[in-house]
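These protein sequences, in sequence, are chains V and F.
In this text, residue positions in the first sequence follow my numbering: the first is 21, and each later residue adds one.
In this text, residue positions in the second sequence follow my numbering: the first is 27, and each later residue adds one.
In this text, a Cβ means the ideal position worked out from N, Cα and C, and glycines have one as well.
Below: the structure, in structure tokens.
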Amino acid sequence: MIDTLHRRGFLKVAGAAAGSLCVNLPGASGLEEGTASNHPRFLTSCCAYSYGDYLKSGKMTMEDFIRKAVELDIDAVDLTTYWFKSTDPDYLLGLRHLAFKLGVLFSGIAIRNSLCYAEADKRAQQVEEIKKWVDATDILGTSQIRVFGGKVPKGATDAQGIDWVVETLKPACDYAAKKGVTLAIETHHEITEKASNVVEILHRVDSPYASVTLDISNWLEEPYGQIETLVPYATNTHIRDFYGPPPRPLDLDRVWQIFAKAGYKGFMTVEYESTEDQMTGVPKLVEKVKALCKKYSSV
Amino acid sequence: MNTAFDRRGFLQAAGLAAASSLVADVRAGAPPAEGTTRPQPRLLTGCCAYSYGKYLDAGKMTMEEFILKAVELEVVGVDVTAYWLKSKEPAYLHNLRHLAQKHGILFSGAACGTEMCEPDAGKRAALVTEIKQWIDVADLLGASHLRVFGGELPRGATAAQGKDWVVEVMKPASDYAAKKGVTLGIESHHGITSMAADIIEILHRVDSPYAGCNLDITHFPKDPYAQIEALIPYATMTHIRDHFDEPRPDPIDLERVWQMFVKGGYQGFMAAEYESKEDPVTAVPKLVAKIKTLCKKYSSV
Numbered sequence: 021m022i023d024t025l026h027r028r029g030f031l032k033v034a035g036a037a038a039g040s041l042c043v044n045l046p047g048a049s050g051l052e053e054g055t056a057s058n059h060p061r062f063l064t065s066c067c068a069y070s071y072g073d074y075l076k077s078g079k080m081t082m083e084d085f086i087r088k089a090v091e092l093d094i095d096a097v098d099l100t101t102y103w104f105k106s107t108d109p110d111y112l113l114g115l116r117h118l119a120f121k122l123g124v125l126f127s128g129i130a131i132r133n134s135l136c137y138a139e140a141d142k143r144a145q146q147v148e149e150i151k152k153w154v155d156a157t158d159i160l161g162t163s164q165i166r167v168f169g170g171k172v173p174k175g176a177t178d179a180q181g182i183d184w185v186v187e188t189l190k191p192a193c194d195y196a197a198k199k200g201v202t203l204a205i206e207t208h209h210e211i212t213e214k215a216s217n218v219v220e221i222l223h224r225v226d227s228p229y230a231s232v233t234l235d236i237s238n239w240l241e242e243p244y245g246q247i248e249t250l251v252p253y254a255t256n257t258h259i260r261d262f263y264g265p266p267p268r269p270l271d272l273d274r275v276w277q278i279f280a281k282a283g284y285k286g287f288m289t290v291e292y293e294s295t296e297d298q299m300t301g302v303p304k305l306v307e308k309v310k311a312l313c314k315k316y317s318s319v
Numbered sequence: 027m028n029t030a031f032d033r034r035g036f037l038q039a040a041g042l043a044a045a046s047s048l049v050a051d052v053r054a055g056a057p058p059a060e061g062t063t064r065p066q067p068r069l070l071t072g073c074c075a076y077s078y079g080k081y082l083d084a085g086k087m088t089m090e091e092f093i094l095k096a097v098e099l100e101v102v103g104v105d106v107t108a109y110w111l112k113s114k115e116p117a118y119l120h121n122l123r124h125l126a127q128k129h130g131i132l133f134s135g136a137a138c139g140t141e142m143c144e145p146d147a148g149k150r151a152a153l154v155t156e157i158k159q160w161i162d163v164a165d166l167l168g169a170s171h172l173r174v175f176g177g178e179l180p181r182g183a184t185a186a187q188g189k190d191w192v193v194e195v196m197k198p199a200s201d202y203a204a205k206k207g208v209t210l211g212i213e214s215h216h217g218i219t220s221m222a223a224d225i226i227e228i229l230h231r232v233d234s235p236y237a238g239c240n241l242d243i244t245h246f247p248k249d250p251y252a253q254i255e256a257l258i259p260y261a262t263m264t265h266i267r268d269h270f271d272e273p274r275p276d277p278i279d280l281e282r283v284w285q286m287f288v289k290g291g292y293q294g295f296m297a298a299e300y301e302s303k304e305d306p307v308t309a310v311p312k313l314v315a316k317i318k319t320l321c322k323k324y325s326s327v
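Encoded structure:
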């Protein structure tokens, strides 16, 4: 299988030992080379989370949110599952059909979880929980799930935490692979605060169905360097226009340039989280994302 | 669900008594039902594998390579013409799904060659089974649309009989498709599907939110623009070429076609389905370029 992520991951590991190895890789066909970096594809999307206040209070349903995409003039929506009525197939198929009829794509779904448990039984429970969502993702006809790394328990080291995450993510990815679904671990503070930790987790999980949901905003420092490190592993992004804490502005144009240089192909997904009312705040952030995608995307 | 389609469903039901005036109502742009979004035209760019049929036939291109072509063509989605799938095996289909996902490519749908206009009841049952298998294929790809054909009317049969047979296949197939979240689009493609009125009648009688029209704009034997316009409210997928079929391969006024889709509030893919003498490798990008220009001009997204 020609698999960019896997090849890149492999290259990174192998490249440290022998940079010339890449010419021997079967995946590195002429076609693949010709289509990689010179065609950045940025599709526009928005997380349901952006309208969390409205979804939480019941003023907006997931169906309303899907219709919002038409109003926002974006390609896709990302379904934050916190506000799903159920995982009943009829409900999920209703959402899939509604989106299809409106020409609205799904960039993926997002779940609330932790992969970082010291206890083996809790890790096993997490794997089961993720499997349930893999099935739901498949019913929706979409192909990726945002998962969280989670918090390293008090007294444990980062190294231990990474072990636990790998032990949970690996069997979950094996199951996801059988459904054609990718598990994309989000850069979201805690065990995923440093890009280097995320890269180590992915190398050790070593599955083409493991990737990154690159939230560009969750950094204490050096946002651009960390983003650049992770773009080759990213299959989805979360976009805000600041990073932190403490909140500092992000140069989104610079961020898009980093993604374009790396030939990123996927969704640029608005995940609004500010004090302004979401009804007025989200469209403003969407406008910025649309303008940048128009500027840098080949599609 | 207050989808645009349900509104159409309602219009369809309401218009059953007077099918001719129904078309006029839709054309006039009936106001959206309460709670629906405004009918923003969303015209997404796509390309059918069929466009590269010569290469796929000859084994000079694999489905994987076609999917990656979308990156080079800079289109949003690809439509998987099933003729060149190696198998219906989940592992193979999941690989294609994964390849597309990794490259930010969406599937606008899949297309099978099943023709539904079959006089023999036993054979019709077999066709339903066949379509069900292709629905499973679409679902394994994570695609939500499947193109099916009406087919040729057998010698000696009446159009009324032909439509009965198509409905008898498409109805149970749509029931199955509904369980998988896949919509069946009957293509406007000669035979029993030559004229918009027949397709509309079939869809009214199948009466499923999972049955629509795969609107190929090129195959109408007469009044093509009127036929296209009549079918846009039912369209769940569109095939684009820049000239009509033989025997009168006149160029199509694509600008006019796009304007009709905009007026109809179409929300879906506009997929290149190239089929001419020029080498697809040089010709498909030209057709795609036309589609991209028009989508950029008329689409809200």
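Proximity test, Cβ basis, 9 Å: residue i and chain V
i      : result
G290/F : no
L166/F : yes
E98/F  : yes
V307/F : no
K149/F : no
S113/F : no
T71/F  : yes
K316/F : no
V232/F : no
A298/F : no
Close beta carbons around residue i, own chain, < 7 Å, minus the five adjacent residues each side
i      : result
R231/F : V193
K308/V : D261, L272
K248/F : none
C313/V : F62, T64, M288
Cβ-Cβ distance between residue i and residue j below 9 Å
i      : j      : result
L112/V : L75/V  : no
C239/F : G188/F : no
R143/V : H129/F : no
K151/V : A197/V : no
A96/F  : V104/F : yes
F279/V : V306/V : no
A237/F : H265/F : no
V195/F : R150/F : yes
E213/V : N238/V : yes
V319/V : T71/F  : yes
Residues near residue i by beta carbon distance below 6 Å, same chain, minus five either side
i      : result
K158/F : Y202
G168/F : R123
G157/V : Here the sequence assigns Thr to residue 157/V, which means Gly is not the residue at that position. Only I129, I165, V201 meet the Cβ criterion.
Y76/F  : T107, E299
A222/F : Q253, A256, L257
T233/V : R166, A204, E206, N256
Short CB-CB distance (under 9 Å) between residue i and chain F
i      : result
G78/V  : no
D98/V  : no
Y316/V : no
Y284/V : yes
S163/V : yes
T255/V : yes
S279/V : The question names Ser, but residue 279/V in the sequence shown is Phe. Chain F contact via Cβ: absent.
H59/V  : yes
T107/V : no
Coil, strand or helix - residue i by DSSP
i      : result
C138/F : strand
R274/F : coil
T62/F  : Since pLDDT at T62/F reaches only 49, below the 50 mark, its modelled position is unreliable, and the value read off the structure follows with that caveat. Residue state, collapsed to three classes: coil.
F120/V : helix
I259/V : strand
D249/F : coil
M221/F : coil
D226/V : coil
M80/V  : coil
S200/F : helix
I236/V : coil
D190/F : helix
K285/V : strand
N58/V  : coil
Neighbourhood of residue i by C-beta distance below 8 Å, restricted to the same chain and skipping five residues each side
i     : result
V43/V : With a pLDDT of only 31 at V43/V, under 50, the local geometry of the prediction cannot be trusted, and the value read off the model is given with reservation. For V43/V, where only same-chain residues beyond five positions count, there are no Cβ hits under 8 Å.
Practice problem: Residues of the segment 117-131 of chain F with a CB closer than 9 Å to any CB of chain V: list them in chain order, please. | Solution: A117, L119, H120, N121, L122, R123, H124, L125, A126, Q127, K128, H129, G130, I131
Quiz item: Using a beta-carbon distance cut-off of less than 7 Å, what residues from the segment 117-145 of chain V approach chain F?
Solution: H117, L118, F120, K121, L122, G123, L125
Quiz item: Listed from N- to C-terminal order along the chain, which residues in the segment 216-249 of chain V have their beta-carbon within a distance smaller than 9 Å of any beta-carbon of chain F?
Solution: P228, Y229, S231
Exercise. Identify each residue in the segment 171-187 of chain F for which the Cβ-Cβ distance to at least one residue of chain V is less than 9 Å, and report them in chain order.
Key: H171
Self-check item: Residues from the segment 192-204 of chain V in contact with chain F, defined by Cβ distance under 9 Å
Solution: A197, K198, K199, G200, V201, T202
Self-check item: Proximal residues, the segment 208-234 of chain F versus chain V, C-beta separation under 9 Å
Solution: V208, T209
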